[in-house]
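Enquirer: Chains as they are written, first to last, in the working numbering: chain R, 526 to 898; chain F, 526 to 898; chain H, 526 to 898; chain U, 526 to 898.
All C-beta atoms, glycine included, are put in the ideal place defined by N, C-alpha and C.
If you're wondering where the values come from, they're calculated on a predicted model, not measured in any experiment.
4 protein chains.
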Amino acid sequence: MKKTYDAIVIGGGINGCSIAYQLAKRGRSVAVIEKGRLADKASGAAAGMLGAQTELTDDGPLFEFARKSRAMFPELARELEELTGVHIGLQNRGMYRVAATEKEAIELKKLIEFQTKSGETAKWVSFQELMEQEPHVSSSLIGAMFIPNDGQVDARELTIAFAKAAMLNGAEFYEFTNVNDLILGNEKAHGIQTDLGPMYAESIVIATGAWSPFLIEKTGLTLPISPVKGECLSVLTNKPLIKGTVFSHGCYIVPKKSGRLIIGATVKPDTFDERVTVDGISSLMEKAKRLVPGIGESELERAWSGIRPLSKDGLPFLGEHPSCRNLYIAAGHFRNGILLSPATGELIADLMDGKSKDSGPFRLSRINSSVSA
Amino acid sequence: MKKTYDAIVIGGGINGCSIAYQLAKRGRSVAVIEKGRLADKASGAAAGMLGAQTELTDDGPLFEFARKSRAMFPELARELEELTGVHIGLQNRGMYRVAATEKEAIELKKLIEFQTKSGETAKWVSFQELMEQEPHVSSSLIGAMFIPNDGQVDARELTIAFAKAAMLNGAEFYEFTNVNDLILGNEKAHGIQTDLGPMYAESIVIATGAWSPFLIEKTGLTLPISPVKGECLSVLTNKPLIKGTVFSHGCYIVPKKSGRLIIGATVKPDTFDERVTVDGISSLMEKAKRLVPGIGESELERAWSGIRPLSKDGLPFLGEHPSCRNLYIAAGHFRNGILLSPATGELIADLMDGKSKDSGPFRLSRINSSVSA
Amino acid sequence: MKKTYDAIVIGGGINGCSIAYQLAKRGRSVAVIEKGRLADKASGAAAGMLGAQTELTDDGPLFEFARKSRAMFPELARELEELTGVHIGLQNRGMYRVAATEKEAIELKKLIEFQTKSGETAKWVSFQELMEQEPHVSSSLIGAMFIPNDGQVDARELTIAFAKAAMLNGAEFYEFTNVNDLILGNEKAHGIQTDLGPMYAESIVIATGAWSPFLIEKTGLTLPISPVKGECLSVLTNKPLIKGTVFSHGCYIVPKKSGRLIIGATVKPDTFDERVTVDGISSLMEKAKRLVPGIGESELERAWSGIRPLSKDGLPFLGEHPSCRNLYIAAGHFRNGILLSPATGELIADLMDGKSKDSGPFRLSRINSSVSA
Amino acid sequence: MKKTYDAIVIGGGINGCSIAYQLAKRGRSVAVIEKGRLADKASGAAAGMLGAQTELTDDGPLFEFARKSRAMFPELARELEELTGVHIGLQNRGMYRVAATEKEAIELKKLIEFQTKSGETAKWVSFQELMEQEPHVSSSLIGAMFIPNDGQVDARELTIAFAKAAMLNGAEFYEFTNVNDLILGNEKAHGIQTDLGPMYAESIVIATGAWSPFLIEKTGLTLPISPVKGECLSVLTNKPLIKGTVFSHGCYIVPKKSGRLIIGATVKPDTFDERVTVDGISSLMEKAKRLVPGIGESELERAWSGIRPLSKDGLPFLGEHPSCRNLYIAAGHFRNGILLSPATGELIADLMDGKSKDSGPFRLSRINSSVSA
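1. Whole-angstrom Cβ separation of F/Arg603 and F/Ile672, contact assumed at under 8 Å?
2. Counting only beta-carbon atoms, is F/Ile820 nearer than 7 Å to chain R?
3. So the candidates are U/Arg800, U/Leu605 and U/Val760; which of them puts its Cα closest to the Cα of U/Val753?
4. Taking the alpha carbon of U/Phe797 as the point to measure from, which residue in R/Leu843, R/Pro886, R/Glu659 and R/Thr702 has its own alpha carbon closest?
5. Enumerate in chain order the residues of its own chain whose CB-to-CB distance from H/Trp829 is below 7 Å, with the five nearest sequence positions on each side excluded.
6. For H/Lys593 versus H/Ala868, is the C-beta distance shorter than 7 Å?
7. Please go through the same chain and pick out, in chain order, the residues whose beta-carbon is closer than 8 Å to the beta-carbon of F/Glu654, but skip the five residues on each side of it.
8. Output, in sequence order along the chain, the residues in the segment 788–810 of chain F whose CB is closer than 8 Å to any CB in chain H.
9. Give the residues from the segment 854–869 of chain F that approach chain H closer than 8 Å (Cβ to any Cβ), ordered along the chain.
10. Taking 6 Å as the cut-off, is the beta-carbon of F/Glu600 closer than that to any non-hydrogen atom of the ligand MN?
11. By the three-class DSSP mapping on this structure, what secondary structure does R/Ser895 have?
12. Quick check: the Cα distance between R/Gly805 and R/Ser663, rounded to an integer number of angstroms?
13. Determine the burial state of F/Ala898: buried for a count of at least 16 other Cβ atoms within 10 Å of its Cβ, exposed for fewer.
14. Alpha carbon to alpha carbon, how far is H/Gln616 from H/Val678? Give it in angstroms, no decimals.
15. Helix, strand or coil for R/Arg622? Go by DSSP, reduced to three states.
16. Check the Cβ-Cβ distances between R/Leu505 and every residue of chain F, and say whether any is below 7 Å.
17. So, helix, strand or coil for U/Ala696, using DSSP?
18. Look up R/Phe671 in the DSSP assignment and say whether it is helix, strand or coil.
19. Near R/Pro818, which residues of its chain fall below 8 Å by C-beta distance, leaving aside the five closest residues on each side in sequence?
20. With F/Lys812 as the anchor, note down where its alpha helix (DSSP H) starts and where it stops.
21. Would you grab the beta carbon distance between H/Arg888 and H/Gly839 for me? Rounded to a whole angstrom, and I think it's under 8 Å.
22. What beta strand (DSSP E) runs, 3 residues minimum, are completely inside the segment 823–897 of chain R?
23. Measure the alpha-carbon distance for U/Trp736 versus U/Phe859 and round it to whole angstroms.
24. Quick check on DSSP: helix, strand or coil for H/Leu639?
25. Using the rule of at least 16 other Cβ atoms within 10 Å of the residue's Cβ for burial, across every protein chain shown, is F/Asp583 buried or exposed?
26. Assuming contact is defined by CB atoms lying nearer than 7 Å, are F/Ser759 and F/Arg827 in contact in what I supplied?
27. Could you tell me whether the Cβ atoms of U/Phe772 and U/Thr609 are closer together than 7 Å?
28. Alpha carbon to alpha carbon, how far is U/Ser890 from U/Pro847?
29. Beta-carbon within less than 7 Å of F/Thr719's beta-carbon, same chain only, minus the 5 sequence neighbours each way: which residues are those?
30. With a threshold of 8 Å, are at least 3 pairs of Cβ atoms found where one atom belongs to the segment 720–732 of chain R and the other to the segment 534–542 of chain R?
31. For the segment 589–624 of chain R, which segments carrying the alpha helix (DSSP H) assignment without a break, of at least 4 residues, lie completely within its bounds, in sequence order?
32. Closer than 7 Å, CB to CB, is U/Phe698 near chain R or not?
33. Under 7 Å between the Cβ atoms of H/Ser823 and U/Val792?
34. How many whole angstroms separate the CB atoms of U/Ala556 and U/Met692, which I take to be in contact at a CB cut-off of 8 Å?
35. How about U/Phe759: is its C-beta nearer than 7 Å to some C-beta of chain F?
36. Where does F/Thr684 fall in DSSP's three states?
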């Protein structure tokens, strides 16, 4: 085992792997340290929606960042497939954010107006128009906001593709390896203590999602990120129930290959407990049946969960530690980790390169001002 | 492969294996032919309740037969464990058949009266008494019929124990073997055609549950048995939610080892489709939460189904074919296959031995009179 | 349930689904009857190699048919993805048929010569050239025949894609449905008896792989097809061990997405027993480690098996029953079911349409002459 | 969540749960903190052999402790089953430690002599005698040491039974909860920092197996325990291949219920990587086939691994921290965690109670003398 790298990335989830890929591509020697398997936690649990317009509904900096990241996918998919042979499952059959009440319809129409002004495509489809496209949705719906550009990927495949692409550019991956401590000194990070012994690097990135606060705590900084469990299930059906993703308050249904539909996701704050509960799954089943009644007859395949990292102000933390040089953080992506991974990888690499000076609204120095725990 | 046996049993489920054990124990050479694995269909899907008093609520011949069979379990458990080392999980922590309405309470009290007259133990427990024993049941219940003698076993283990005990007495088992046809002649069964070639026997027993009608059809007899799918799920909890089995209209909850609870079962008539549906599982979850609210927080483990054989008059078919000698049938046990297996094995063996002359209410000659399809 | 169709296809494996797709696309009303799930048997177990040149080494009619079928894949992949959204995983990173001895090298060189004459591309690569392309293969190898055009697909996805494409053209699929008998009369097939009742059609196709002889037996014809079990395993590795498929006598290693390698396959004749044995898996592991030593450190994922239909003369049976009109058979594809499925679907549809008059070397009338059992 | 306990046990494996049970039974308020699920690591991976005489072959203190612990099982099994309803699968069909060479035979005969002097039962069985008892073992064996008193349990069930028994005595269990730090002060442990916040106790026990050194490191003590991966597989067979456990150098085969045999275990030092490798499983398969050739035909069920804690001198660490009062350690049981769990639970509880003054050879003060890392 080599002991010294240009960069060490802690965390083999979607963002750790994207960062490792960007760094390795730019010629840096990189090690990725993962306590279990790659894509084993939230990244492997994600449904893979690229919901820049569906999920991010106000005019904040995250909307901007999300649109930028979403735009990177087509080129990225080609690049990764060429390099690694992995097909990341990028698909774009559109997303329907449905309205069940007049109030929801009014809100969605406002959102369409705002997004249209921002230069994005979004349009209102009446119930009749919706039924023409998606004849199996519930007849109790009023209409939907249709977002043609919010596609989806296979989240696990994308993570693996990033990792393999990084490896092919020389990155080394250590799975089943614990990071027990940071090696700090002189207001600078020098390396990490692992079960395999110490490892040193010019730059260290913490990208361990909901688990990020623990290691960072050792620097004296309390990172205001909390764990939020999301439970999902998948069902199988040979009937073409939906073509696009159907998204409502509290439930989404994402069509995947081979007649698989992913139904998600519950929101259970402040827990690392990964167990999938009867309450969680039965509530998702009820909601999904209300959206697409034919789901009742589909086959239950399996259920799982992921622990998502929610930051106090809803924005991820991306950038250098405020008081410890060479230590970078990329965490707090909540439900948008897959969508934001291309832009996150690029931004962290740009910050290290000096191509970006600052991560603006995502910088860590906002802690202890507006977002302190 | 030997070609000639005293008896061939078609079907490696609970009743086929029980019959094989009885025959082998009595010195007969026996072959069991199973198209897949042993205990792979309804027998492996069963929750293992021995609900003689819980399930069989009228004073018919099945109640009698069920009580007799239930009484055989303690000795059988010892015998099988001694012979095979398999612990069949016989347990008796009692069963509660609960009442949610006054009407149900009145019916259960009548049932208690009837069963008491029949010499069985059953008593009414008030809501207060119920809560003392099972403090986690719903506070909306009125009370319950408590049946101390309706225990449970591990249905799969029992099937395997019968099979191993049969093997130790010389029986041969052919798994993954199809029976393509019966070899008939002169109003008599002589053998079977299998993928492994023909096999011959003095006696042939068809014990293939819901699939029994297909092979029997070749004798010109339409066996009035239909397939009824039952879906189940299991949940895990470290909380001691229930000690005894809780049974209501449409849902039962059976405590198993290691904090596992089995929740069953839906009743979907006329289908061989084994897929577990969203509708089925969500309805069971709702019912179980209404009985024991704490189940909502328990962990979903898995879901499965079994196809149970329902006869037209509700009684199993046990005995010789009405017009084809040496051909026996043991099928149609519906939800009571596990409970009835000891008595079924003994009865079929007794009929072959001439120890019993007739299977009375279970005889096949009742077809084409009251129960014809 | 509709009762009358233009065509009924029995068997929801790769060839049944391909035939159904061709027929539905040509405007016929089609029903597919499958006793379990689609792609549940040999089709779901296949590694998906399109080994027209790798597997078919003599100049027989099958080589011709296989080349034709292989050539259909690129267009088919586009067509199916456009229609159904399913990505069938068509890949072409070439296949290496390796030589471990001089004798094998000589044979492969002869084969290259023959194939080159047939107009196909195949070339000898020395050990040095092999190591440049595939640096992780064993240093004990001598060289390899490189076949750039033998690609691969995801066999299960292709089956599902055929099925969904058929459905979108109006075909109906009945899973978990048994066909209990053929309805014959006047030297013609009229329909089938199923658990759901009788169904009638102008044409009936039997495409039930190794199970095909059973139903056909009822017509008095003994179809000389026997079941051959093939066991496989998959391993996971993050190291890029091989890029192309490596194929040797008795073992192949197929790289799949996400670092999965499929290692196959044993050849166990005359059995329907699907159990994966210790002997089978340990022998595959040993062979794979001899080909690519680094496989020893990879992670065992899972093992499975499929029952492949081997015809007596090695050629599939494709065409109309010799003495029973309207009854078609498409079975006996042995290890080449995935590769041959596009051409099989087209041929059966052409025969029904009268576009082909005869299936030549694959016709059923050859039974009872050279190939009788 | 309560914040203050008499005792906190870190680690929900077999020894943590045994300790919690002993403490709770003695009236202490106890919390168990487990980062994942109970019995999820080495305890759930164990084959459950109680090999006091089979595994511990020299006359050290561990042999004494192991014999004492083994003797506690019959009473413990009764106690736990009565309390919790969990059947821990205690079985005693004896163990055969086989000899394949004359040299091994001589060593085993010496061991028999020594153990007999120690008052234990062990006898030499010749090849003929062995074949009478175990007719399926390899004919290449010379004989075996037969140990009638080394039985087995179901390791996972025993862990769960300890936990449930502790709960029924008031203990609280926190699964999926990380312990991030110890709260130390004044040469004393006061509590722990968890994701759920701080928790305080009079006594804190670290029972986290191979992961124990990490938390203890914070006290300045380097615990000389290293992780050793052990891979296992299970096979299924309906043939009664072996009745007792067969144990040889490098491989053991343990018969479990329902025809399951567990084959273990590899020994891979210095790794936390839980992945099951092709090398590991193929070597176990080869060894098992050499011991019991019929295993070759049995069905591969699954493979898994556990990370076992090996201490530098081979003895577990049991007792109070040498320089930090109230902090107890129970770790380093290597392959004997299941066997030693009853005595471990009792010893730790006795030390806390003052019933034992010292854990003698297992005390922690031996670190930095003979066993320092």
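Expert: The short version:
1. Incorrect: roughly 23 Å between the Cβ atoms, too far for contact.
2. yes
3. U/Arg800
4. The residue with the shortest Cα to Cα distance from U/Phe797 is R/Thr702.
5. Ala570, Cys757 and Val801
6. In terms of Cβ geometry, H/Lys593 and H/Ala868 form a close pair [threshold 7 Å].
7. If we look at F/Glu654 and ignore the five residues flanking it on each side, its Cβ neighbours are Gly668.
8. Thr796, Phe797, Asp798, Glu799 and Arg800
9. none
10. Ligands are entirely absent from the displayed structure, and the ligand MN is therefore not among its contents.
11. Its pLDDT being 46, under 50, R/Ser895 is placed unreliably by the model, and the measurement read from it follows with that caveat. Correct three-state label for R/Ser895: coil.
12. Separation of R/Gly805 and R/Ser663 (C-alpha to C-alpha, rounded to the nearest whole angstrom) is 22 Å.
13. Its pLDDT being 37, under 50, F/Ala898 is placed unreliably in this model, and the value from its coordinates should be taken loosely. It counts as exposed.
14. The alpha-carbon of H/Val678 is positioned some 6 Å away from that of H/Gln616.
15. strand
16. Nothing about residue 505 of chain R can be read from this structure; chain R reaches only from 526 to 898.
17. coil
18. Looking at R/Phe671 - three-state DSSP - the assignment turns out to be strand.
19. His661 and Ser663
20. Val803 to Leu816
21. With 8 Å as the limit, H/Arg888 and H/Gly839 do not qualify as a contact, their Cβ atoms being about 15 Å apart.
22. 824–836, 842–845 and 852–856
23. 12 Å
24. Leu is not the amino acid found at residue 639 of chain H; the sequence shown has Phe there. In this structure, H/Phe639 counts as helix in the three-state DSSP scheme.
25. exposed
26. yes
27. no
28. 5 Å
29. Ile558, Thr702, Asn703, Val704 and Asn705
30. yes
31. 598–609
32. no
33. Taking 7 Å as the cut-off, the beta carbon of H/Ser823 is found no closer than this to the beta carbon of U/Val792.
34. With a Cβ gap of about 11 Å, U/Ala556 and U/Met692 do not count as contacting.
35. The sequence given here has Ser at residue 759 of chain U, not Phe. Closer than 7 Å: no.
36. helix
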